[in-house]
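So the structure is just underneath, and the comments pick up after that.
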Amino acid sequence: MAPEVQDMPAEWLRTQAGLGVWEGKGKVAAVGVGVSPTARRWDWDTQTSVGANSILALRKAMEDAGVTPDQVDGLVVVPDTTTGRFDWPPVWPEGRDIAAEMAAVFNMTDDPRDGMARLSVDWILQNMPELTNVKFTAHVPADTAPALIGAIEAINHGQAQVCLVLKGWHNLSGRYYVGQGAARGDTIATREKWTTGWGTVGVYQEATRFQRYLWKYGKDKDMFANFVVNSKKNGLNMPEGFFAQNRPYDVLTREDYLAARWIAKPASLFDNDIPIMVAAAYLFTTAERAKDMKQKPVYILNHASSKATARSLTPTLDEVEAETARTGRKIYEGAGITANDLSFENMYDGFALFHQFHIEGLGYRGMKFGDALDFYQTDISIEGPNPILPSGGNIGSGRSRFWMHTDCTQQLQWLAGARTITGVKPEIAVSGGPMPMGGNFTVWSATPA
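Quick look at the structure:
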């Protein structure tokens, strides 16, 4: 009988300040990562569906950790698999019945979207019969970052000893965000133009906030070029990433960035990620069991969450700065560290224009608000003393929202290959997001203390 799927308890999220050092510090370790191949869009082949990608990623994570399927007793799945086109049913390719083709290959659940435009614990367990001892299962909505916390706390609370986490992305052909409310039409005339749309609303909001940032601190948008060029370079060294696999020739220069067309000034083309098809899985276990596994353990020192809301339709710059500062304090307090202890950072960057809010809130390398663009003029490469986003993030590797966590794990295991940080010794890192006002963050360490 399949275990009952639960929601992650709300109290597992550390949203408040003043909680002190996290009681699970150093008791949970990441020991395995698995990533499927990437693609720009789904080609309607059953073996490249989000379900097939997910099974592959889960098996790779177990193999990476040296864990057999019967040792896994926990499974956390993110049911949501897109922020793009998600209307149902989609328009199938002419002459094809994709639903029937999927049913001929996989064991389908009562939800016809399963394995194509969403994921569930039931679908995974029905199609991975080798997972015979799973007892703890949970659905965590929306994103990788909170799902990691679900697995981490499941281990910390003794509800699982070896727990897999899964996040998959599908990207069907068609206009972005079709199927959601006003986005079904060709124009949006109501206030929904600020809250929904075809992938443009976020960049409108971030461009407005970033323009205010430039004005407040007397900076120039050209100063941002080094960050995006560095992210693209790092992404080409992420072999699991979209650009490394599909467009290795896409080397971005400063001149390319400065010449890019505007999307919503001051946001230009390269300030935005692109949606892709991909899935990733992570394997967590207790610090004690991690000692006997295949890979070097990466210990979890803390996790923290931001749940702030704006006063109006979109957060102001002042609200964002106040919240990222609060988040930074929670991150350090719970881990028992300071900003000086961070070797590198992997904060979210789906819109490049808000990455600096995250790192200024952290006080990374002594930064204060307004310092990031000057900081980007220093050596922020993996070879330098100030490494920024060594994963390349979503800008450098395509929208997955999990390259940052993958890189933190691999850097601290010395498995990052050509992306290995050499300017500093990788010992403690932080990753997370997505938004500066609303995200989940994890502190990773090469040692449990």
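Every number in the numbering used here is 100 more than the matching position in the sequence shown, counting from 1. Built from N, CA and C at the ideal position, the CB exists for glycine as well.
Counting only the Cα atoms, Leu225 lies some 15 Å from Gln106. In the assembly as shown, Gly118 is an exposed residue. Its beta-carbon has fewer than 16 other beta-carbons within 10 Å. Counting other Cβ atoms within 10 Å of its Cβ, His455 reaches 16 or more and is therefore classed as buried. The way I'd put it, the region 522-532 doesn't touch the region 381-395; fewer than three beta-carbon pairs between them come closer than 8 Å. Distance check between Ser136 and each of Gly466, Ala379 and Leu383 places Ala379 closest, using alpha-carbon atoms only.
The C-alpha of Thr146 lies about 25 Å from the C-alpha of Asp164. Looking at the backbone, the Cα of Arg196 and that of Ala152 are separated by about 19 Å. A direct Cα-to-Cα measurement between Glu355 and Val303 gives close to 22 Å. Per the DSSP secondary-structure output, Asp145 pairs with nothing in a beta bridge. Unbroken beta strand (DSSP E) runs of no fewer than 3 residues, entirely contained in the region 424-493, are found at 444-447, following chain order. Around the CB of Asp507, 16 or more other CB atoms lie within 10 Å, so the residue is classed as buried. When DSSP states are grouped into helix, strand and coil, His403 belongs to the strand group.
For Leu248, the enclosing alpha helix (DSSP H) starts and ends at Thr244 to Asn256.
The beta carbon of Ser331 sits closer than 6 Å to those of Leu489, Gly492, Gly493, Ile495 and Gly496, all from its chain and outside the five residues before and after it, given in chain order.
Distances from the alpha-carbon of Val240 to those of Met467, Leu219, Thr232 and Pro193 put Leu219 closest. In the three-state reduction of the DSSP assignment, Lys365 falls in the coil class. Between Leu401 and Ser545 a beta carbon distance of about 5 Å is seen, short of the 8 Å cut, so the two are scored as contacting. Cβ-Cβ distances below 6 Å link Pro397 to Ala129, Val131 and Ala390 in the same chain, with the five nearest sequence neighbours on each side left out; the list follows chain order.
For Phe541, the pairing in a beta bridge is given by DSSP as Ala404 and Gly532. Rounded to whole angstroms, the separation of the alpha carbons of Gln511 and Thr168 is 24 Å. Non-local beta-carbon contacts of Arg429 in its own chain, meaning distances under 7 Å to residues more than five positions away in sequence, involve Ala117 in chain order. A direct Cα-to-Cα measurement between Leu314 and Asp320 gives close to 6 Å. The closest CA to that of Arg465, considering only Phe444, Gly450 and Phe457, is found on Phe444. Collapsing the DSSP output to three states places Lys267 in a strand. At a Cβ-Cβ threshold of 8 Å, Ala161 and Thr148 do not count as neighbours. The way I'd put it, the region 324-342 does touch the region 356-364; three or more beta-carbon pairs between them come closer than 8 Å. DSSP lists Phe451 as the beta-bridge partner residues of Asn372. A straight-line Cα-Cα distance of about 8 Å links Gly461 and Met467. Bridge partners of Tyr317 according to DSSP: none are assigned. Listed in chain order, the non-local C-beta contacts of Pro179 below 7 Å within the same chain comprise Arg218, Leu219, Ser220, His239 and Pro241, local neighbours out to five positions each way being set aside. Runs of alpha helix (DSSP H) with 4 or more residues, each lying fully within the region 130-206, are found at 150-165 and 198-205, listed in chain order.
The beta carbon of Gly484 sits closer than 6 Å to the beta carbons of Gly523 from its chain, once the five residues preceding and following it are set aside; these are given in chain order. The alpha carbon of Glu230 has as its nearest neighbour, out of Tyr432, Trp514 and Asp170, the alpha carbon of Asp170. A direct Cα-Cα distance of roughly 31 Å separates Ile528 from Thr416. Restricting attention to Glu194, Pro189 and Val205, the CA atom closest to the CA of Pro212 is found in Pro189.
For Gln106, the uninterrupted beta strand (DSSP E) segment begins and ends at Val105 to Asp107.
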